[in-house]
Amino acid sequence: MIEIVSKDRCVSCDVCIRVCPMNVFDRGADGIPVISRQVDCQSCFLCEAYCPTDALYVAPFDHPVPAGSDQADEQAQIAAGALGSYRAVLGWGRGRRNGSRLDQNHLFGVNGVGGAGGPGSGVRP
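Residue numbers (the UniProt record's numbering): 1 to 125.
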């Protein structure tokens, strides 16, 4: 669920407002998006993925975190490298590589055994 919009990082581009399928954000008086309908957030991570400045943090929960939680503390999440971390795993952004480079599933063939007969090998088991 969306927890943080960093005022220091946000450039008021409104991308998060446009990509959110649940209309969770409103544009604030200062141009910075405001989390107006947090309970409507589906944790789809689209806002975090599309944010060009890594100004958002979506916590991996289906409910708002309790007041005082580190999950809602901007400085704690910055220190943990969490702001924009989903975007980084996707490989979105200058100089980033996508997380599929870590995927090892292609090493396994039929029944977990590598080699001929694996998906895409052209050999039927």
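From the three backbone atoms N, C-alpha and C, an ideal C-beta is built for every residue, glycine too.
Validate contact between the segment 80–90 and the segment 23–38 using beta carbons, cut 8 Å, 3 pairs: no
Per-residue burial, V11 [other beta carbons within 10 Å of its own, 16 or more giving buried]: exposed
Under 7 Å between C-beta atoms of I2 and V58: yes
Outcome for R94 when other beta-carbon atoms lying within 10 angstroms are tallied against a minimum of 16: exposed
Simplified DSSP assignment, three categories, for V15: helix
Among A76, E48, D14 and V89, nearest to A29 - alpha-carbon criterion: D14
Buried or exposed by the 16-neighbour rule on C-beta atoms within 10 Å, applied to R97: exposed
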